[in-house]
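Asks: Numbering (our numbering), first residue to last: 1 to 326. Right, I'll just put the structure down here and ask away after.
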Amino acid sequence: MLPEEYPYVIRVVSDILESNGSSSMATVCAGTLALMDAGVPIKKPVSGIAMGLITDNKKFAILSDILGDEDHLGDMDFKVTGTKDGITATQMDIKVDGLPYEILEKALMQAREGRMHILGKITETMPAPRPELKPNAPRIELMWIPKEFIGAVIGPGGKIIQGMQEETGAIITIDEIDNQGRVEIAAVNKASIDAAIMKIKSIVAMPEAGEVYRGKVRSIMPYGAFVEFMPGKDGLLHISEITWKRLEAIEEAGLQEGDEIDVKLLDIDPKTGKFKLSHKALLEKPEGYEERPERERRPRPDKRQGGDDAGRGRGGRRRPDSNRDR
Numbered sequence: 001m002l003p004e005e006y007p008y009v010i011r012v013v014s015d016i017l018e019s020n021g022s023s024s025m026a027t028v029c030a031g032t033l034a035l036m037d038a039g040v041p042i043k044k045p046v047s048g049i050a051m052g053l054i055t056d057n058k059k060f061a062i063l064s065d066i067l068g069d070e071d072h073l074g075d076m077d078f079k080v081t082g083t084k085d086g087i088t089a090t091q092m093d094i095k096v097d098g099l100p101y102e103i104l105e106k107a108l109m110q111a112r113e114g115r116m117h118i119l120g121k122i123t124e125t126m127p128a129p130r131p132e133l134k135p136n137a138p139r140i141e142l143m144w145i146p147k148e149f150i151g152a153v154i155g156p157g158g159k160i161i162q163g164m165q166e167e168t169g170a171i172i173t174i175d176e177i178d179n180q181g182r183v184e185i186a187a188v189n190k191a192s193i194d195a196a197i198m199k200i201k202s203i204v205a206m207p208e209a210g211e212v213y214r215g216k217v218r219s220i221m222p223y224g225a226f227v228e229f230m231p232g233k234d235g236l237l238h239i240s241e242i243t244w245k246r247l248e249a250i251e252e253a254g255l256q257e258g259d260e261i262d263v264k265l266l267d268i269d270p271k272t273g274k275f276k277l278s279h280k281a282l283l284e285k286p287e288g289y290e291e292r293p294e295r296e297r298r299p300r301p302d303k304r305q306g307g308d309d310a311g312r313g314r315g316g317r318r319r320p321d322s323n324r325d326r
């Protein structure tokens with residue numbers, strides 16, 4: 001009933017405090033509940049029951065969920081486990097020389113009725129496995145990344161991956177399999193796993209125009225701020241894209257290096273690959289706001305003229321008149 005591909009070793013411990021029946025069948029039923037409660041994605045819940053037999057010449061009686069005395073004095077201990085769709089395992093001990101088909105058939109049918117009753121009680125308590133492991137359960141997650149990003153995740157001399165492990169507390173290993181990067185992340189709790197996955201995804205993710213990112217201010221310039229919105233990816237947050245209010249100086253924005261700010265990626269320059277960011281795009285436009293007209297661009301003077309006198313050359317000197325010197 002366990003999934004075919006599951007990265008965990010599973011250990012189920014059943015402590016039997018007293019026994020007046022089948023402790024093994026109690027373990028099957030309790031183990032099913034424990035696995036589902038732990039978030040192990042078993043295919044179907046399993047229940048079990050122990051069947052007994054009393055025979056006297058031509059007469060016989062099948063007993064369900066036998067007690068200790070019935071096991072000791074009876075002629076059969078027949079354990080049956082299964083799901084709603086069929087039997088998963090059986091185990092039998094008998095004290096008679098043989099067992100007629102009639103008795104076996106009746107024992108199996110009677111066992112099914114008992115199993116279905118117990119299974120109903122199990123599913124009333126927990127209809128299905130929890131969608132994920134409990135927050136404090138140790139866990140392992142697998143990720144696949146493009147081959148070309150393996151180096152970016154590891155970093156020079158392992159700097160990036162070691163930094164992620166120190167920050168998140170997770171253990172990260174990367175192998176190249178079939179031209180892909182297989183990333184295994186192990187941690188003692190869900191928070192650590194999620195933090196490591198988020199960091200890896202941020203490295204291998206490609207920036208997309210229109211997406212919103214949580215960035216950190218790396219430097220302040222007179223014309224705006226450079227914001228790292230993904231690991232190793234900085235964009236310009238121009239002074240005109242910080243707020244709807246016109247800012248005369250970047251200091252009016254109140255931004256400091258190290259501040260975190262939400263930004264929207266407006267555009268990626270197809271030639272240079274530079275990123276254009278905006279915080280203003282995430283703010284509501286004030287009522288009555290009017291776009292200010294762009295300033296007129298005055299034509300620049302032709303530097304080749306070198307001055308107002310078009311007849312003069314560079315430095316204001318006249319070229320010698322060759323005819324006059326003759």
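Backbone N, C-alpha and C fix where the C-beta goes; we use that ideal spot for every residue, glycine too.
Measuring only the C-alpha atoms, how far is K95 from G86?
Replies: Numbered from its first residue, the sequence shown carries residue 95 at position 95. Numbered from its first residue, the sequence shown carries residue 86 at position 86. The straight-line gap from Cα to Cα measures roughly 27 Å.
Asks: Between E248 and M221, what straight-line distance do the alpha-carbon atoms span, to the nearest angstrom?
Replies: Within the sequence shown, the letter at position 248 stands for residue 248. Within the sequence shown, the letter at position 221 stands for residue 221. Going from the Cα of E248 to the Cα of M221 covers about 13 Å.
Asks: How would you call I62, buried or exposed, if buried means at least 16 neighbouring beta carbons within 10 angstroms?
Replies: Walking along the sequence shown from the start, residue 62 turns up at place 62. So I62 counts as buried.
Asks: My guess is that V204 and V217 are in contact by the Cβ rule of under 8 Å, so how many angstroms apart are they, rounded?
Replies: Here the question's residue 204 lines up with position 204 in the sequence shown. Here the question's residue 217 lines up with position 217 in the sequence shown. Going by Cβ atoms, the distance from V204 to V217 rounds to 24 Å, so no, they are not a contact pair.
Asks: Going along the chain, which residues of its own chain have a beta-carbon closer than 7 Å to the beta-carbon of P7, five neighbours each way excluded?
Replies: In the sequence shown, the residue the question calls residue 7 occupies position 7. Same-chain partners within the cutoff: I140, L142.
Asks: Cβ atoms of V153 and I174: under 8 Å apart, would you say?
Replies: Within the sequence shown, the letter at position 174 stands for residue 174. Within the sequence shown, the letter at position 153 stands for residue 153. Cβ distance < 8 Å, so I174 and V153 count as in contact.
Asks: Roughly how many angstroms lie between the CA atoms of I250 and I261, to the nearest whole one?
Replies: Here residue 250 is taken as the residue at index 250 of the sequence shown, counted from 1. Here residue 261 is taken as the residue at index 261 of the sequence shown, counted from 1. When rounded, the distance between both Cα atoms is 15 Å.
Asks: Sort out for me which residues DSSP pairs R11 with in a bridge.
Replies: Residue 11 sits at position 11 when you count from the first residue of the sequence shown. In the DSSP output, where bridge partners are listed per residue, R11 has none listed.
Asks: When you compare only the Cα positions, how much space is there between I172 and P135?
Replies: Stepping through the sequence shown from its first residue, residue 172 is reached at position 172. Stepping through the sequence shown from its first residue, residue 135 is reached at position 135. About 19 Å.
Asks: Do G215 and V263 come within 8 Å of each other at the CB atom, strictly closer than that value?
Replies: Position 263 of the sequence shown, counted from the first residue, corresponds to residue 263. Position 215 of the sequence shown, counted from the first residue, corresponds to residue 215. Yes, Cβ-Cβ distance for V263 and G215 is below 8 Å.
Asks: Please identify the residue among E257, R11, M164 whose C-alpha is closest to the C-alpha of L35.
Replies: One-based indexing of the sequence shown puts residue 35 at position 35. That would be R11, whose Cα lies nearest to the Cα of L35.
Asks: Applying the criterion that 16 or more other CB atoms from any shown protein chain within 10 Å of the CB defines a buried residue, is A209 buried or exposed?
Replies: Stepping through the sequence shown from its first residue, residue 209 is reached at position 209. So A209 ends up on the exposed side.
Asks: What's the gap between the Cα of S278 and the Cα of P131?
Replies: Counted from its first residue, the sequence shown places residue 278 at position 278. Counted from its first residue, the sequence shown places residue 131 at position 131. For S278 and P131, the distance between alpha carbons rounds to 38 Å.
Asks: Excluding five sequence neighbours on each side, which residues of the same chain lie with their C-beta closer than 7 Å to the C-beta of L119?
Replies: Numbered from its first residue, the sequence shown carries residue 119 at position 119. So the list reads P45, S47, K84, once near-sequence residues are dropped.
Asks: If distances are taken between C-alpha atoms only, which option among M116, G235, E70, S14 comes closest to R21?
Replies: Start at 1 with the first residue of the sequence shown, and residue 21 comes out as number 21. For the record, residue 21 in the displayed sequence is Gly; it is not Arg. Comparing Cα-Cα distances from G21 to each of M116, G235, E70, S14, the minimum goes to E70.
Asks: Let me know the secondary structure DSSP gives H72 once reduced to three states.
Replies: As a first step, residue 72 must be located in the sequence shown, where it is residue number 72. Here H72 sits in helix by DSSP.
Asks: Taking its Cβ as the centre, do 16 or more other Cβ atoms sit within 10 Å of S14, making it buried, or is it exposed?
Replies: On the sequence shown, position 14 is the one that residue 14 refers to. Its Cβ having fewer than 16 others within 10 Å, S14 is exposed.
Asks: So which of P231, F149, E252 has the shortest CA-CA distance to S240?
Replies: Within the sequence shown, the letter at position 240 stands for residue 240. Comparing Cα positions, the closest option is E252.
Asks: In three-state DSSP terms, what is Q162?
Replies: In the sequence shown, counting from the first residue as 1, residue 162 sits at position 162. If DSSP states are grouped into helix, strand and coil, Q162 belongs with the helices.
Asks: Short of 7 Å in beta carbon distance, which residues of its chain neighbour G82, apart from the five on each side in sequence? Order them along the chain.
Replies: The residue given as residue 82 occupies position 82 in the sequence shown. Taken in chain order, the residues that qualify are V46, T88, R115.
Asks: Between which two residues does the beta strand (DSSP E) harbouring Y213 extend?
Replies: Locating residue 213 in the sequence shown gives position 213, counting from the first residue. Counting along the chain, the beta strand (DSSP E) containing Y213 begins and ends at 212–221.
Asks: Run through DSSP, which three-state label would K95 get?
Replies: Taking the sequence shown and counting its residues from 1, one reaches residue 95 at position 95. Three-state DSSP puts K95 in coil, outside helix and strand.
Asks: In angstroms, rounded to a whole number, what distance separates the CA positions of D37 and P129?
Replies: Translated into the one-based positions of the sequence shown, residue 37 becomes position 37. Translated into the one-based positions of the sequence shown, residue 129 becomes position 129. Each residue's alpha carbon lies about 6 Å from the other.
Asks: What separation, rounded to the nearest whole angstrom, lies between the Cα atoms of D194 and V80?
Replies: Within the sequence shown, residue 194 is the residue found at index 194, counting from 1. Within the sequence shown, residue 80 is the residue found at index 80, counting from 1. Taking the straight line joining both Cα atoms gives about 41 Å.
Asks: Count the other CB atoms, across all protein chains shown, that sit within 10 Å of the CB of S192; report buried if there are 16 or more and exposed otherwise.
Replies: Residue mapping note: residue 192 aligns to position 192 of the sequence shown, counting from 1. Classification of S192: buried, given that the 10 Å Cβ count is 16 or more.
Asks: Whole angstroms are fine: how far does the CA of A170 sit from the CA of P138?
Replies: Here residue 138 refers to the residue found at position 138 when the sequence shown is read from its first residue. Here residue 170 refers to the residue found at position 170 when the sequence shown is read from its first residue. Rounded to the nearest angstrom, the two C-alpha atoms are 10 Å apart.
Asks: Could you tell me how far apart the beta carbons of I49 and D65 are, in whole angstroms, since I believe they sit closer than 8 Å?
Replies: By 1-based counting over the sequence shown, the position of residue 49 is 49. By 1-based counting over the sequence shown, the position of residue 65 is 65. Indeed they touch by this definition, with Cβ atoms about 6 Å apart.
Asks: Considering just the uninterrupted stretch of the alpha helix (DSSP H) at G151, what are its terminal residues?
Replies: Counting from 1 along the sequence shown, the entry for residue 151 is found at position 151. Looking at the DSSP string, the run of the alpha helix (DSSP H) that includes G151 is 150–154.
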